[in-house]
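For reference, the structure is listed below as structure tokens.
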Amino acid sequence: MFARRVAQKAPGMAHVIAKRSKVTLPDLDWDFGALEPHISAQINELHYSKHHQTYVNGFNAASEQFGDLQCKLTGDPQQDTAVVKQLVALQQNIKFHGGGFTNHCLFWKNLAPSSQGGGEAPTGALAKQIETQFGSLDNLIGQTNTKLAGIQGSGWVFLVKNAENGGQLQLVQTYNQDTVTGPLKPIVAIDAWEHAYYLQYQNRKAEYFKAIWNVINWKEAAKRFEA
Ligand SMILES: [Fe+2]
1 MFARRVAQKA PGMAHVIAKR SKVTLPDLDW DFGALEPHIS AQINELHYSK
51 HHQTYVNGFN AASEQFGDLQ CKLTGDPQQD TAVVKQLVAL QQNIKFHGGG
101 FTNHCLFWKN LAPSSQGGGE APTGALAKQI ETQFGSLDNL IGQTNTKLAG
151 IQGSGWVFLV KNAENGGQLQ LVQTYNQDTV TGPLKPIVAI DAWEHAYYLQ
201 YQNRKAEYFK AIWNVINWKE AAKRFEA
């Protein structure tokens with residue numbers, strides 16, 4: 001993380017100096033080739049170094065523009081209207097790139113090579129909840145893959161814990177880089193964008209959806225569920 005110092009207006013002061021931090025790529029817990037043969041090293045490298053980096057850059061740029069625009073607010077409604085319109089327009093960028101940043105951070109932690117327990121079935125409270133709600137892990141995987149296959153275009157499927165529904169598990173499908181927020185706590189996030197599989201699986205995305213379960217990090221999922 002790094003920060004830059006920016007001028008901000010505050011009541012009674014011309015300007016104050018505030019720190020504004022930027023988001024950065026997270027460290028990975030494994031090498032790019034560690035998920036082979038299920039996800040190739042080439043895909044992981046491009047996905048992380050190019051695609052995720054693009055969301056990092058996009059979010060930082062949009063956030064910076066947002067902060068700069070906020071500094072232009074004067075308190076005069078006549079002058080502020082144009083600035084507020086620009087702030088509203090920027091929110092789509094923040095939503096897209098911020099979602100992309102967050103979703104991929106979840107995704108990398110959701111994956112692990114077999115040497116780190118990837119693909120090992122969950123245990124404990126999460127395993128019990130899956131059994132209660134879905135009957136078996138295989139049923140949950142089947143329902144998740146059906147939702148993944150149903151995405152027309154780009155999107156994600158999240159296994160979430162719904163805090164407003166007694167902590168029940170739920171499968172949520174989103175489009176583009178929309179993420180889950182509020183009472184929906186992500187337990188597992190699966191990327192269904194073409195960039196996540198096309199170099200290896202081409203149009204056989206069902207094979208990618210099947211293969212990814214071999215490297216799902218259920219230990220991380222269980223931690224999220226129990227936190
Ligand atoms: Fe992605």
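Counting along the sequence shown from 1, when you hit position 157 you're at 157 in full-length UniProt numbering, and nothing is skipped either side. Just so you know, even glycine gets a beta-carbon here, dropped at the ideal spot from N, CA and C. Since the model is a prediction, treat every value here as computed from it, not as a measurement.
Check                                                                                                                                                     : Outcome
Counting only the same chain and skipping the five closest in sequence on each side, list residues whose C-beta sits under 7 angstroms from that of G117. : N217, K219
What residue range is occupied by the uninterrupted alpha helix (DSSP H) comprising W108?                                                                 : 77-110
H97: beta carbon under 7 angstroms from a heavy atom of ligand 1?                                                                                         : no
Is the separation between the beta-carbon of H38 and that of V215 shorter than 8 angstroms?                                                               : yes
Three or more beta-carbon pairs under 8 angstroms between the region 142-149 and the region 170-186, yes or no?                                           : yes
Assign Q70 to one of three DSSP states: helix, strand, or coil.                                                                                           : helix
Give every residue whose Cβ lies closer than 6 angstroms to any heavy atom of ligand 1, listed in chain order.                                            : H47, H51, H104, D191, W193, H195, A196
Give the single residue among P186, E131, A127, T132 whose Cα lies nearest to the Cα of W156.                                                             : P186
List the whole-angstrom C-beta distance separating L90 from F59, where the pair is believed to meet the contact cut-off of C-beta under 8 angstroms.      : Not really, about 11 angstroms apart at Cβ, beyond 8 angstroms.
How far does the beta strand (DSSP E) with L126 in it extend, from its first residue to its last?                                                         : No beta strand (DSSP E) contains L126, which is instead part of the alpha helix (DSSP H) from 124-134.
How many angstroms separate the CA atom of K72 from the CA atom of A192?                                                                                  : 39 angstroms
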